[in-house]
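All residue numbers for the sequence shown refer to our numbering, where the first residue is 1 and numbers rise by one.
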Amino acid sequence: MDTDPAMGAGLRIGEVARRTGMTVAALRAWETRHGLLAPARTAGGQRLYRETDIARVRAVQRLVARGWSVAGAVSQVLGQQRKREGVTGEMPAGTGEADDRHRPAARGRPVPGSERWPLIDALIGADPYAVLAAYETLRDLLRASRPSEVRDTLVGLVERLGGHVGLAAPQDDTVIPVDLAFGEGPPLVPRAPSPSVARMRLEAVLPLVVEDARVLVHRLRLSAPTGR
């Protein structure tokens, strides 16, 4: 059913992406796969977003930075909102109440059952070459033993898909705003001209791979020995 866009909704998804530092492709994935965003629709079917959508995205980002999976972080954020609003009933599909499977692993040890990589089902319909590259990158990420290896694996994915990686400055319209370094050296951002096949491929797969890589880096740092 169409929603009146005057009821507090008036942001296009590009503006939400700009204000949260995410790509449009990643926001679409969080909306369709996890039910995080709740856009209103105009009579013509155009999606319009609210400030509350931005607040949800930022809350999920904070939890992911602490080591939560995206699915668990979304469940937590939506669950907290329901409690504040006193809403009862079932959560939207795919966003059930958070449980220990989605929480960050203690002392660097993954919680049994927590290895739920969302990449595979999220790439249905994407460019087959990009899907293959993403699968192989995921395999290489699982073999990484240091955060620097995660960074180098992501750089390899960007280059394989036709982009290139450089320092965060200067900014221009070729930049995809995501840091691949995770603190391992200076910030590195992928670049690809728009429109281009490389840009299309990177926007389809890179945000999802980076989400999983961020969780992996967190776990590797927790499990790294502290003494010499």
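The C-beta atom is built at its ideal place from N, Cα and C for all residues, glycine as well.
Using a 10 angstroms sphere on the CB of TYR49, the tally of other CB atoms reaches 16 or more, which defines it as buried. The beta carbons of GLY162 and ALA134 sit no closer together than 8 Å. Secondary structure of ARG12 (DSSP, three-state): coil.
The three-state reading of DSSP puts ALA40 in strand, counting E and B together. Residues of the same chain with a CB within less than 8 Å of the CB of VAL155, apart from the 5 flanking positions on each side, are VAL165, LEU180, LEU188 in chain order. Excluding five sequence positions before and after VAL178, the CB atoms of its chain that fall closer than 6 Å to its own CB belong to VAL210, given in chain order. Rounded to whole angstroms, the gap between the alpha carbons of ARG146 and GLY44 is 49 Å. With respect to the 8 Å criterion, LEU63 and ALA73 are classified as neighbours on the basis of their beta carbons. One thing to note: VAL217 has its Cβ no nearer than 8 Å to the Cβ of PRO190. When DSSP states are grouped into helix, strand and coil, PRO128 belongs to the helix group. DSSP places GLY166 inside the beta strand (DSSP E), whose first and last residues are 164-167. By the beta-carbon neighbour count (other beta carbons within 10 angstroms, threshold 16), GLN80 is exposed.
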